[in-house]
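Notes for the one structure printed next.
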Amino acid sequence: MEAYGVKNFSKKTDFAVTNGGGIRASIAKGKVTRYDLISVLPFGNTIAQIDVKGSDVWTAFDIV
Numbered sequence: 048m049e050a051y052g053v054k055n056f057s058k059k060t061d062f063a064v065t066n067g068g069g070i071r072a073s074i075a076k077g078k079v080t081r082y083d084l085i086s087v088l089p090f091g092n093t094i095a096q097i098d099v100k101g102s103d104v105w106t107a108f109d110i111v
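So this is what it looks like as C-alpha cells:
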C-alpha cells in the first residue's frame, strides 16, 4: 500500500486508517506473494487520499 501511495498520490501521506476487521491475516517476513496480499485484504477496498484538518481528525477519533 505504501508503494501504491508513493506512485499514485502527489502529496505526502501523514498517516492512514482502515476499517476494523478489514485486515484478515498477517504477512510473514520475506517475499510477499499475490496470495499474501489477497489473504490480508480480500475485499477489494479502494485506497484514497484526502486533505483533512488536524482538528477534524481529532474529532473523528474522539467519537470512536
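When you read off a place in the sequence shown, starting at 1, and then add 47, the result is the number in the numbering used here. In this text, a Cβ means the ideal position worked out from N, Cα and C, and glycines have one as well.
Cβ-based neighbour list, residue i, same chain, cut-off 8 Å, excluding 5 preceding and 5 following
i	result
asparagine 92	Thr65, Asn66 and Gly69
leucine 88	Gly69, Ile70 and Arg71
DSSP-derived helix/strand/coil call for residue i
i	result
leucine 88	coil
threonine 106	helix
arginine 81	helix
glycine 38	Only positions 48 to 111 of the chain appear in this structure, which leaves residue 38 out of reach.
beta-carbon residue i near the ligand NAD non-hydrogen atom, thresh 8 Å
i	result
serine 102	Ligands displayed in this structure: none; no statement on the ligand NAD is therefore possible.
Closest Cα partner of residue i within the set the options
i	options	result
valine 104	Asp61, Arg71, Val53 and Glu49	Asp61
arginine 71	Thr80, Gly77, Phe108 and Ile85	Ile85
tyrosine 51	Ile94, Ile110, Phe108 and Lys100	Ile94
Range covered by the alpha helix (DSSP H) that runs through residue i
i	result
valine 53	49-55
Other residues of its chain near residue i: CB distance less than 6 Å, five sequence neighbours each side excluded
i	result
phenylalanine 56	Gln96
Residues near residue i by beta carbon distance below 7 Å, same chain, minus five either side
i	result
isoleucine 74	Asp83 and Val87
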